[in-house]
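Student: Residue numbers (the working numbering), protein chains in the order written: chain A, 1154 to 1278; chain B, 62 to 582.
From the three backbone atoms N, C-alpha and C, an ideal C-beta is built for every residue, glycine too.
If you're wondering where the values come from, they're calculated on a predicted model, not measured in any experiment.
Please see the structure below; I have some questions.
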């Protein structure tokens, strides 16, 4: 299994869908860990310049939604589908990302990373 | 974003072309869904994004694939709009000039092919971002410093090809290009300068080559697709002295120009010096409604409140001295003497040294922090830059500043400006911020921009760079001898690109089939 394919499955797995549960056996614990790390690493590369502490996106979100919602990695209300929508269509002052800059599988991994808290809190992906 | 076909191309012919492109790059790198098209629109457009709508995108990963795509574009008569990373914010982003054009997205070509430390250069592909090159240099502890513009998200190559600049000694980015590899509109491949020798050892070292020098015709043009480029990088200096000062009144700009220009021309100061108005201290840290909720441009009382609360002057600037400590000290003495004739203020000075690198600002690092200004009005923000080149004479600069400010006031837009003292010229970046969802405001933005282009042209000042929507108007303002430059540009265009497939309308240069009288479609 390619690293990116492992990421894709792991991300979906984290979202907890029945379809993905069937794929689970193909993914070792190490691969799961790697997939989580990839989502986080990809977030750092593609999103971190704006959405880490002190970043432009963090600043703007804090202004619009309050500081408690400013940091994406601290949010418990983010769903992977919403992340995908914002990344491809933009939001307020945030530009859109093309599939060349951020391919679908990498976006999926980032969505998985950012929706982990939501999933852990009992929400749907 | 629904499909807009290129002019004169049927849906069947368009689909056939995309299928041919897919044969080169693979189906996954031909992006033609409604969502794909939307991702290439100009998200900060002051008008309708659909004015510059791409029909699709194709993303090669190698020079050979670029050649193949360009040849197919000729065969199928499909126009291509090359982008490096598509972050040309304020000038159109990744969108094409002409609707229906296919984006040639070079973002997958992101190899750093060579970095030479002792000779201070890199050879890179167009997809390499400022962050990528910075990460590469810092991870390997290579003591070469980059010159990075205000938006550090973009492409190093793309920025140099658009004549981007920054406040560093290597800040005239296009001037630091030393050799290119270019796919011509025919699909042929050339290397410029010394790189025209198959076994050249001096390609990134000597700019001119033998015979005509071609690098600059591929800058801000549509004569070729640059697939790699050599760029000079600055050796890490022994020391950097950073000097900051603010002045309280708008007309203080005049004496600043008179003091700084000879220091730049004589080489005492070696970088473009940005003299920035008070407003940037507010736009990057707050929203307009926190200061003023009335109609029209911000009144004088609010200007003074911002200056007071943000502890800034009407104009604010930073000088940096890069080099050996003994030389910096001598230069500092000369700078202080020049300023003493006009002000009793002393510079605030910080010192960075290679021996003690944790103290004070050292190597430039990429940032996108200035993009916070887009949120000045709230809503979906946008920005445009109006950027005339003005002689560095106090009278002319003050006249330009006051005339520009009056136009901003007439249109109810907050004046925000930086005058970059670059030696024998001043590049005046006027920032226009707006809420894209306020049609009254965006109408005023266009009224303002149109007036500024006309006012400046009447005084003999042209822009160094402009947004897609104003390329024809600005190109038309270069009108010596009945637009002789336009005729030359078109002659070259028709010779190199007879089918007109490469970036139609880029900087006002249209291929014959799409041209209207006087080069102004």
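#1: What is the rounded straight-line gap between the Cα of residue 1239(A) and the Cα of residue 104(B)?
#2: So the alpha helix (DSSP H) residue 319(B) belongs to, where does it begin and stop?
#3: With contact counted as at least three CB pairs below 8 Å, one residue from each stretch, are the stretch 213 to 223 of chain B and the stretch 313 to 329 of chain B in contact?
#4: If we cut at 8 Å on Cβ distances, does residue 1239(A) have a partner in chain B?
#5: Could you tell me the boundaries of the alpha helix (DSSP H) in which residue 25(B) lies?
#6: Do residue 1254(A) and residue 649(B) come within 8 Å of each other at the CB atom, strictly closer than that value?
#7: Within 10 Å of its beta-carbon, does residue 258(B) have 16 or more other beta-carbons around it, so buried, or fewer, so exposed?
#8: Starting from residue 486(B), follow the beta strand (DSSP E) in both directions and report where the run begins and ends.
#9: I believe residue 473(B) touches residue 356(B) by the beta-carbon criterion, under 8 Å. Please report the beta-carbon distance rounded to the nearest angstrom.
#10: Could you check whether the Cβ of residue 352(B) sits closer than 8 Å to any Cβ belonging to chain A?
#11: Note down, in chain order, each residue of its chain lying with its Cβ closer than 7 Å to the Cβ of residue 182(B), except the 5 sequence neighbours on either side.
#12: Nearest to residue 368(B) by CA position, among 340(B), 219(B), 379(B), is which residue?
#13: Which partner residues of residue 118(B) appear in the DSSP bridge assignment?
#14: Please identify, using Cβ separations under 7 Å, the residues of the stretch 530 to 543 of chain B that lie next to chain A, in order along the chain.
#15: Can you tell me the Cα-Cα spacing of residue 99(B) and residue 263(B), whole angstroms?
#16: Should residue 550(B) be labelled buried (16 or more other beta-carbon atoms within 10 Å of its own) or exposed?
#17: Which residues, in order along the stretch 1239 to 1259 of chain A, keep a beta-carbon less than 7 Å from a beta-carbon of chain B?
#18: Counting along the chain, where does the alpha helix (DSSP H) carrying residue 86(B) start and finish?
#19: Under a three-way DSSP split, which group does residue 343(B) fall into?
#20: Select from 284(B), 440(B), 446(B) the residue whose C-alpha is nearest the C-alpha of residue 529(B).
#21: Distance check for residue 86(B) and residue 128(B), CA to CA, integer angstroms please.
#22: Considering only C-alpha positions, which residue in the set 304(B), 274(B), 287(B), 245(B) is nearest to residue 217(B)?
#23: With 8 Å as the limit, tell me which residues of the stretch 162 to 193 of chain B have their beta carbon closer than that to any beta carbon of chain A; keep them in chain order.
#24: Work out the CA separation of residue 191(B) and residue 1245(A) for me, nearest whole Å.
#25: Taking only beta-carbon positions, decide if residue 100(B) is within less than 8 Å of chain A.
#26: Please compile the residues from chain A whose C-beta is within a distance smaller than 7 Å of the C-beta of residue 429(B).
#27: To the nearest angstrom, how far is the alpha carbon of residue 185(B) from that of residue 124(B)?
#28: Keeping to the same chain, check which residues put their C-beta closer than 7 Å to that of residue 423(B); ignore five residues upstream and five downstream.
#29: I need the DSSP call for residue 177(B), collapsed to helix, strand or coil.
#30: May I have the straight-line CA-CA distance separating residue 1268(A) from residue 1216(A), to the nearest angstrom?
#31: Counting only C-beta atoms, is residue 1212(A) closer than 8 Å to chain B at any point?
#32: Which residues in the same chain as residue 570(B) place their Cβ atom closer than 7 Å to its Cβ, once the five residues preceding and following it in sequence are excluded?
#33: Given that residue 1216(A) touches chain B, what residues does it touch there, using C-beta distances under 8 Å?
#34: Since residue 289(B) is in the beta strand (DSSP E), which residue starts that stretch and which ends it?
#35: Let me confirm a value: residue 162(B) is counted as buried when at least 16 other C-beta atoms fall within 10 Å, else exposed. Which label applies?
#36: Would you call residue 501(B) buried or exposed, if buried means 16 or more other Cβ atoms sit within 10 Å of its Cβ?
Tutor: Result, derived from the coordinates:
#1: Mapped onto the first chain, residue 1239(A) falls at position 86. Mapped onto the second chain, residue 104(B) falls at position 43. Cα-Cα distance, rounded: 13 Å.
#2: On the second chain, residue 319(B) is found 258 positions in, with the first residue counted as 1. Segment 313 to 326, the alpha helix (DSSP H) holding residue 319(B).
#3: no
#4: Reading the first chain from its first residue, position 86 is the one you call residue 1239(A). Residue 1239(A) does not count as touching chain B.
#5: Look at the range of chain B in this structure, 62 to 582, and you will see that residue 25(B) is not part of it.
#6: The structure shown does not extend to residue 649(B), since chain B is modelled only from 62 to 582, so the question has no answer here.
#7: By 1-based counting over the second chain, the position of residue 258(B) is 197. With fewer than 16 other Cβ atoms within 10 Å, it is exposed.
#8: Taking the first residue of the second chain as position 1, residue 486(B) is located at position 425. From DSSP, residue 486(B) is part of no beta strand (DSSP E); its letter is neither H nor E.
#9: Taking the first residue of the second chain as position 1, residue 473(B) is located at position 412. Taking the first residue of the second chain as position 1, residue 356(B) is located at position 295. At roughly 7 Å, the Cβ-Cβ gap stays under 8 Å, so residue 473(B) and residue 356(B) are in contact.
#10: The sequence position of residue 352(B) within the second chain is 291, counting from 1. No, residue 352(B) lies away from the interface with chain A (no Cβ there is under 8 Å from its Cβ).
#11: For this step, residue 182(B) is matched to residue 121 along the second chain. Counting only Cβ-Cβ distances below 7 Å, and skipping sequence neighbours, we find 239, 265, 291, 292, 293, 294.
#12: The residue given as residue 368(B) occupies position 307 in the second chain. Measuring from the Cα of residue 368(B), the nearest candidate turns out to be 340(B).
#13: Stepping through the second chain from its first residue, residue 118(B) is reached at position 57. BP columns for residue 118(B) point to 92(B), 164(B).
#14: none
#15: Indexing the second chain from 1 puts residue 99(B) at position 38. Indexing the second chain from 1 puts residue 263(B) at position 202. Residue 99(B) and residue 263(B): Cα-Cα distance of roughly 43 Å.
#16: Locating residue 550(B) in the second chain gives position 489, where the first residue counts as 1. When all chains shown are included, residue 550(B) counts as buried.
#17: 1241, 1242, 1243, 1245, 1246, 1248, 1249, 1250, 1251, 1252, 1253, 1254
#18: Here residue 86(B) refers to the residue found at position 25 when the second chain is read from its first residue. That run of the alpha helix (DSSP H) goes 72 to 86.
#19: Position 282 of the second chain, counting from 1, holds the residue named residue 343(B). Helix at residue 343(B).
#20: Counted from its first residue, the second chain places residue 529(B) at position 468. The shortest C-alpha separation from residue 529(B) is found at 446(B).
#21: The count along the second chain starts at 1 and reaches residue 128(B) at position 67. The count along the second chain starts at 1 and reaches residue 86(B) at position 25. Roughly 11 Å between the two C-alpha positions.
#22: Within the second chain, numbered from 1, the residue matching residue 217(B) stands at position 156. Nearest option by C-alpha distance: 287(B).
#23: 166, 168, 169, 192
#24: The count along the first chain starts at 1 and reaches residue 1245(A) at position 92. The count along the second chain starts at 1 and reaches residue 191(B) at position 130. When rounded, the distance between both Cα atoms is 24 Å.
#25: Within the second chain, residue 100(B) is the residue found at index 39, counting from 1. Chain A, which has a Cβ nearer than 8 Å to the Cβ of residue 100(B), makes this yes.
#26: Locating residue 429(B) in the second chain gives position 368, counting from the first residue. Those are 1202, 1203, 1209, listed as they occur along chain A.
#27: Residue numbering aside, residue 185(B) sits at position 124 when the second chain is read from its first letter. Residue numbering aside, residue 124(B) sits at position 63 when the second chain is read from its first letter. Whole-angstrom Cα-Cα distance: 12 Å.
#28: In the second chain, counting from the first residue as 1, residue 423(B) sits at position 362. Answer for residue 423(B): 301, 413, listed in chain order.
#29: Position 116 of the second chain holds residue 177(B). Strand.
#30: If you number the first chain from 1, residue 1268(A) lands on position 115. If you number the first chain from 1, residue 1216(A) lands on position 63. Whole-angstrom Cα-Cα distance: 22 Å.
#31: Position 59 of the first chain, counted from the first residue, corresponds to residue 1212(A). Yes, residue 1212(A) lies at the interface with chain B (some Cβ there is under 8 Å from its Cβ).
#32: Within the second chain, the letter at position 509 stands for residue 570(B). Cβ neighbours of residue 570(B) beyond the five flanking positions: 282, 283, 550, 551, 554.
#33: The sequence position of residue 1216(A) within the first chain is 63, counting from 1. Chain B residues near residue 1216(A): 348, 436.
#34: Position 228 of the second chain, counted from the start, is the residue given in the question as residue 289(B). Taken as a continuous stretch (DSSP letters only), the beta strand (DSSP E) holding residue 289(B) covers 286 to 293.
#35: Counting from one through the second chain, the residue named residue 162(B) turns up at place 101. Result: buried.
#36: Counting from 1 along the second chain, the entry for residue 501(B) is found at position 440. Exposed, by the Cβ-count rule.
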